[in-house]
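Structure record follows, encoded as structure tokens.
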Amino acid sequence: ARAIENRSYFIFCNFADNLDIIAKTGRIYKETSVGNSMIVNPYGEIIVKASNHKEEVIMAEIDLTKNNWSKYNY
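If you read the sequence shown in the working numbering, its first letter stands for residue 237, the second for the next number, and so on.
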């Protein structure tokens with residue numbers, strides 16, 4: 237089901253760091269995770285988004301009264 241039909245907010249979490257991944261062969265691979273965590277409303281609009289390649293905490297205030305209205309307005 238889609239977020240708009242369920243009137244759901246989504247929180248996407250991804251860490252931002254440089255990693256050394258050891259393969260089964262023993263070879264070490266360098267990998268970078270870019271971050272970009274975000275909170276998205278039921279309409280796909282980004283409420284708040286974290287930076288690229290930077291560790292940080294994001295927060296957003298969600299007005300649930302607007303969420304009740306959305307069930308009649310899509």
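Backbone N, C-alpha and C define an ideal beta-carbon position, used for all residues, glycine too.
- Counting along the chain, Glu281 sits inside no alpha helix (DSSP H), nor does DSSP assign it H or E at all.
- Pairing Lys285 with Ile294, the inter-Cα distance amounts to about 7 Å.
- Rounded to the nearest angstrom, the Cβ distance from Ala252 to Val270 is 6 Å, consistent with a contact under 8 Å.
- Of the candidates Asn242, Phe246 and Asn272, the residue whose Cα lies closest to the Cα of Glu281 is Phe246.
- For the pair Asn250 and Thr268, the CB atoms are not nearer than the 8 Å cut-off.
- Boundaries of the beta strand (DSSP E) harbouring Ile264: Ile264 to Val270, taken from the DSSP string.
- Distance check between Met274 and each of Gly262, Arg263 and Glu291 places Glu291 closest, using alpha-carbon atoms only.
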